[in-house]
Amino acid sequence: MSEPIIPKPKSEFILVECPDCNKVQRIFNYASTEVRCLVCNCVLAKPAGGKCKILGKIVEPEKKE
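Just so we're aligned, residue 2 is where the sequence shown starts under the working numbering, counting upward by one.
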């Protein structure tokens, strides 16, 4: 008998690089508030009615196990 199928979530954490100071920060891709850089306070992501709009450069999505 096979194992039960467990659905994978659509949400994930992603690494985003700030366009101003080049600091890499981990953010949630379904953020419901503005996400700002911890160093220079630049906006990295804005909510867009579901997935957020990423304004920085995506370095890589987090690996799920």
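Note that the Cβ used here is the ideal one computed from N, Cα and C, for glycine as well.
Residue i classed as buried or exposed, judged by whether at least 16 other C-beta atoms fall within 10 angstroms
i     : result
ALA49 : exposed
VAL17 : buried
Endpoints, beta strand (DSSP E) assigned at residue i
i     : result
ALA32 : Segment: none, ALA32 is in no beta strand (DSSP E) and carries neither H nor E.
VAL17 : 14-18
VAL44 : 44-47
Test item: CB-CB of residue i and residue j under 8 Å
i     : j     : result
LYS52 : GLU35 : no
ASN30 : GLU13 : yes
CYS19 : LEU45 : yes
LYS54 : VAL40 : no
ILE71 : ILE59 : Absent from the model: residue 71. The displayed extent of the chain is 2 to 66, so no value can be given.
Bridge-paired residues (DSSP) for residue i
i     : result
LYS24 : DSSP, once it has assigned bridges, lists no residue as partnering LYS24.
GLU61 : LEU16
LYS54 : LYS47
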